[in-house]
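Undergrad:
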Amino acid sequence: MKKLTILLAFLGLALITGCTAWLGAGSVLKAVLSIGLVGFGATILAQLAVDAILGVAWHAACREIGLGHLTMARMVRDAAATCLPFSQLGGILIGIRATGAKASPRTGGRSIDWPEAASANIVDLTTEVLGQIVFVLIAVVFLVAHQQSSPFAKPVIIGTLLLALGIGGFIWTQQHGGTILKRMARGLSRNIASQWHSAMLSSADTLQQKLDEVWSHPGRIAEAAIAHLVAWIGSAAAIWVGYYFLGAHLSLTGAIAIEGVACGIMSVSFLVPAGLGVQEAAYIALGSAFGIDPSVSLGLSLLRRGRDLAIGIPVLLLWQASEVRRLRGNRRDTAPEDSGYPASERSR
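Per our numbering, the very first residue in the sequence shown carries number 12; after that it's consecutive.
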């Protein structure tokens with residue numbers, strides 16, 4: 012799987028390079044630079060607003076955890092998925108790690124252990140996909156309304172229906188498949204650092220209980236899914252902002268059609284790290300359906316990647332700094348027990 016991921020990544024990079032050469036590097040570079048610092052800053056602010064909505068969506072389902080803590084954990088999870096794309100489970104695992112914490116005002120005044128962190132991430136991913144399914148279907152409706160003979164409509168609808176069946180089975184598993192989830196937790200624990208392995212493995216038995224607690228509030232799950240739908244529409248608005256500063260004339264419904272259908276295409280090609288090449292090809296094809304120059308759409312895709320890096324790298328650095336402080340604090344807490352010597356002798 013790792014070799015396949017690396018191969019697909021290189022093929023994606025080759026596709027991006029080929030598209031750039033086909034459209035002309037000069038025209039693509041001109042489109043990228045035309046956005047300016049103000050436009051690029053506007054796209055970053057738009058994405059930060061979407062991140063805030065994503066935090067609200069997560070908090071709607073897991074209200075026992077502080078909103079600020081969940082928002083930051085979500086940003087860490089997304090940053091890992093976009094900036095460290097060669098690990099299929101990397102974003103989820105790092106998101107679980109970022110969600111777990113000692114008691115603090117940010118976490119609602121209590122500690123968050125592995126089972127609660129894992130269950131919170133699983134439920135958030137589930138409600139996000141529920142919102143995504145509705146968003147993609149709305150996007151297909153807008154695309155067909157604009158271009159009735161669109162070649163993307165049928166395959167995207169089929170893929171979305173398959174995704175709906177998959178998420179339905181995943182929800183059933185969360186509610187009734189305790190043994191499966193325990194095995195999943197054990198499987199995930201094999202792919203993480205040794206100091207996290209023991210903690211996750213020893214807590215796997217309580218994962219189902221935590222999931223049952225969250226799913227016992229279906230109203231909260233529905234609120235979270237609706238909030239995620241709003242966030243998906245917000246992501247389309249962020250794309251509209253990018254097109255606006257690139258000089259392309261596009262309505263918000265057009266932006267929803269492009270972003271939603273592109274999202275559906277990338278969901279089908281989930282094995283490709285960060286959708287390398289797939290995202291660019293989707294934006295070029297869908298943008299052309301709305302009369303947007305292919306070089307502008309390719310420039311938008313590259314700017315989107317630049318925006319994700321501009322947000323993701325600082326987020327990961329801040330998280331790493333907090334992890335260093337956390338590990339140092341743990342070492343100080345365990346030093347008296349580990350040394351085997353009285354404090355008076357250790358001070359000599």
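Note that CB positions come from ideal geometry on N, CA and C, so glycine has one too.
If we ignore side chains and look at the alpha-carbon of each, how far apart do residue 255 and residue 61 end up?
TA: Here residue 255 refers to the residue found at position 244 when the sequence shown is read from its first residue. Here residue 61 refers to the residue found at position 50 when the sequence shown is read from its first residue. Residue 255 and residue 61: Cα-Cα distance of roughly 18 Å.
Undergrad: For the alpha helix (DSSP H) holding residue 124, just list the boundary residues, first then last.
TA: Stepping through the sequence shown from its first residue, residue 124 is reached at position 113. Residue 124 -> no alpha helix (DSSP H), and no H or E assigned at all.
Undergrad: So residue 58 packs on residue 249, CB below 8 Å; how close in whole Å?
TA: Here residue 58 refers to the residue found at position 47 when the sequence shown is read from its first residue. Here residue 249 refers to the residue found at position 238 when the sequence shown is read from its first residue. Right, the Cβ-Cβ distance comes to about 5 Å (below 8 Å), so this counts as a contact.
Undergrad: Can you give me the start and stop residues for the alpha helix (DSSP H) that residue 291 sits inside?
TA: The sequence position of residue 291 within the sequence shown is 280, counting from 1. Residues 289 to 300.
Undergrad: Buried or exposed for residue 131, please, with buried defined as at least 16 other CB atoms from any protein chain shown within 10 angstroms of its CB.
TA: Reading the sequence shown from its first residue, position 120 is the one you call residue 131. It is buried - the Cβ of residue 131 has at least 16 other Cβ atoms within 10 Å.
Undergrad: Return the chain-ordered list of same chain residues with a C-beta closer than 8 Å to the C-beta of residue 301, the five sequence neighbours on each side being excluded.
TA: If you number the sequence shown from 1, residue 301 lands on position 290. Hits under 8 Å: 157, 261, 265, 268, 269.
Undergrad: Residues in the same chain with beta-carbon distance under 7 Å from residue 278, minus the five sequence neighbours each way, listed in chain order, please.
TA: Reading the sequence shown from its first residue, position 267 is the one you call residue 278. Closer than 7 Å at Cβ, skipping near neighbours: 170, 174.
Undergrad: Would you mind reading off the limits of the alpha helix (DSSP H) that contains residue 222?
TA: Here residue 222 refers to the residue found at position 211 when the sequence shown is read from its first residue. 218 to 226 is the span of the alpha helix (DSSP H), which, as asked, contains residue 222.
Undergrad: Whole angstroms are fine: how far does the CA of residue 336 sit from the CA of residue 148?
TA: Taking the first residue of the sequence shown as position 1, residue 148 is located at position 137. Taking the first residue of the sequence shown as position 1, residue 336 is located at position 325. Going by the C-alpha atoms only, they are around 45 Å apart.
Undergrad: So, for residue 339: in the same chain, excluding its five sequence neighbours on each side, which residues have a beta-carbon less than 6 Å away from its beta-carbon?
TA: Residue numbering aside, residue 339 sits at position 328 when the sequence shown is read from its first letter. Excluding residues within five positions, none has a Cβ falling inside 6 Å.
Undergrad: Please report the residue range of the alpha helix (DSSP H) in which residue 270 lies.
TA: Counted from its first residue, the sequence shown places residue 270 at position 259. Counting along the chain, the alpha helix (DSSP H) containing residue 270 begins and ends at 263 to 279.
Undergrad: The alpha helix (DSSP H) spanning residue 285 covers which residue range?
TA: Residue mapping note: residue 285 aligns to position 274 of the sequence shown, counting from 1. Premise fails: residue 285 is in no alpha helix (DSSP H) and is neither H nor E.
Undergrad: According to DSSP, is residue 259 helix, strand or coil?
TA: If you number the sequence shown from 1, residue 259 lands on position 248. Coil, per DSSP.
Undergrad: Grab me the residues of residue 70's own chain with a C-beta within less than 6 Å of its C-beta, minus the 5 sequence neighbours each way, in chain order.
TA: Here residue 70 refers to the residue found at position 59 when the sequence shown is read from its first residue. The residues are 78, 81.
Undergrad: With three or more C-beta pairs closer than 8 Å as the rule, is the segment 102 to 109 touching the segment 126 to 143?
TA: Taking 8 Å as the limit for Cβ pairs, the verdict is that the segment 102 to 109 does touch the segment 126 to 143.
Undergrad: Kindly indicate which residue of 68, 110, 151 has the alpha-carbon position closest to the one of residue 87.
TA: The residue labelled residue 87 in the question sits at position 76 within the sequence shown. Selected option, being the one with the closest Cα: 110.
Undergrad: If we count Cβ pairs, one from each stretch, closer than 8 Å, do we get three or more for the segment 282 to 297 versus the segment 219 to 237?
TA: The segment 282 to 297 vs the segment 219 to 237: no contact.
Undergrad: Would you give the residue range spanned by the alpha helix (DSSP H) that residue 94 belongs to?
TA: Your numbering for residue 94 matches position 83 in the sequence shown. 78 to 94 is the span of the alpha helix (DSSP H), which, as asked, contains residue 94.
Undergrad: Thinking C-alpha only, which one of 259, 276, 234 is nearest residue 311?
TA: By 1-based counting over the sequence shown, the position of residue 311 is 300. Among 259, 276, 234, the Cα nearest to that of residue 311 belongs to 259.
Undergrad: Answer yes or no: the CB of residue 228 versus the heavy atoms of the ligand HEM, is any distance below 7 Å?
TA: For the ligand HEM, the structure offers nothing, since it holds no ligand at all.
Undergrad: Given this structure, state the Cα-to-Cα distance separating residue 172 from residue 184, to the nearest angstrom.
TA: To locate residue 172, count along the sequence shown from 1; it is residue 161. To locate residue 184, count along the sequence shown from 1; it is residue 173. If I take the Cα positions, the gap works out to 18 Å.
Undergrad: What do you get for residue 75, buried or exposed, if any count of 16 or more other CB atoms within 10 angstroms of its CB means buried?
TA: In the sequence shown, counting from the first residue as 1, residue 75 sits at position 64. The residue in question, residue 75, is exposed, as its Cβ has fewer than 16 Cβ neighbours within 10 Å.
Undergrad: What do you get for residue 290, buried or exposed, if any count of 16 or more other CB atoms within 10 angstroms of its CB means buried?
TA: Taking the sequence shown and counting its residues from 1, one reaches residue 290 at position 279. Counting Cβ neighbours within 10 Å, residue 290 comes out buried, since at least 16 surround it.
Undergrad: Mind checking which residues open and close the alpha helix (DSSP H) that includes residue 58?
TA: For the purposes of this step, residue 58 is taken as residue 47 along the sequence shown, with counting starting at 1. Note, residue 58: alpha helix (DSSP H), 47 to 72.
Undergrad: Within 10 Å of its beta-carbon, does residue 227 have 16 or more other beta-carbons around it, so buried, or fewer, so exposed?
TA: Position 216 of the sequence shown, counted from the start, is the residue given in the question as residue 227. Under this definition residue 227 is an exposed residue.
Undergrad: Between residue 138 and residue 64, is the Cβ-Cβ spacing less than 8 Å?
TA: If you number the sequence shown from 1, residue 138 lands on position 127. If you number the sequence shown from 1, residue 64 lands on position 53. No, they are not a contact pair.
Undergrad: For residue 18, is the classification buried or exposed, using 16 other Cβ atoms within 10 angstroms of its Cβ as the cut-off for buried?
TA: Indexing the sequence shown from 1 puts residue 18 at position 7. The residue is exposed, with fewer than 16 neighbouring Cβ atoms inside 10 Å.
Undergrad: Do you know whose CA, among 330, 334, 332, 318, lies nearest residue 93's CA?
TA: As a working mapping, residue 93 is identified with position 82 in the sequence shown. Residue 93 has its Cα closest to that of 318, out of 330, 334, 332, 318.
Undergrad: In its own chain, which residues sit with a C-beta less than 6 Å from the C-beta of residue 247, not counting the 5 before and 5 after it?
TA: The residue labelled residue 247 in the question sits at position 236 within the sequence shown. So the list reads 266, 267, 270, once near-sequence residues are dropped.
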